[in-house]
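**Q** Below are the structure tokens for one structure; questions will follow.
In the working numbering, the protein residues as written are 41 to 157.
Dropping the structure here:
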């Protein structure tokens, strides 16, 4: 079982920046594919960005060029740097960890990001 703890959310003005962090428990962090997802009120959860165990990244079109996902295996942590934030980025952001080979899929509790003037 992997525990994921997100932090770094908050209230920011349009055009501002935030960095989300997700700390994972356990000793197998480096083999997990990690991702950030978000869910806005009344909408389905959607993919924001993913990073594989090898470091390959993938982004939703809506955040390309503004958000950057990275991981620091020595700290069991994945980050999401969010720049040029827009009103439509407001959502609860969730961290995900998965190992498809082992059938493992874990979620954090989420952190609220609110973009408002």
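Built from N, CA and C at the ideal position, the CB exists for glycine as well.
Note that the structure is predicted; figures quoted are calculated from it, not measured.
List the DSSP bridge partners of residue 60.
**A** Here residue 60 is taken as the residue at index 20 of the chain shown, counted from 1. Looking at the DSSP assignment, residue 60 forms a beta bridge with 120.
**Q** One question on the structure: do residue 72 and residue 139 come within less than 7 Å of each other, judged by their Cβ atoms?
**A** Indexing the chain shown from 1 puts residue 72 at position 32. Indexing the chain shown from 1 puts residue 139 at position 99. Contact flag set, yes.
**Q** Going by beta-carbon coordinates alone, are residue 103 and residue 130 separated by less than 7 Å?
**A** Counting from 1 along the chain shown, the entry for residue 103 is found at position 63. Counting from 1 along the chain shown, the entry for residue 130 is found at position 90. Against a cut-off of 7 Å, the Cβ pair of residue 130 and residue 103 comes out as no contact.
**Q** By a C-beta neighbour count over all protein chains shown, 10 Å radius and 16 as the cutoff for buried, is residue 133 buried or exposed?
**A** To locate residue 133, count along the chain shown from 1; it is residue 93. The residue is buried, with at least 16 neighbouring Cβ atoms inside 10 Å.
**Q** Looking only at C-alpha atoms, which of 93, 80 and 118 sits nearest to residue 161?
**A** The structure shown does not extend to residue 161, since the chain spans only 41 to 157, so no value can be given for it.
**Q** Between residue 49 and residue 117, which are expected to be in contact by the criterion C-beta below 8 Å, what is the C-beta distance as a whole number of angstroms?
**A** Position 9 of the chain shown holds residue 49. Position 77 of the chain shown holds residue 117. Not a contact, Cβ separation roughly 15 Å.
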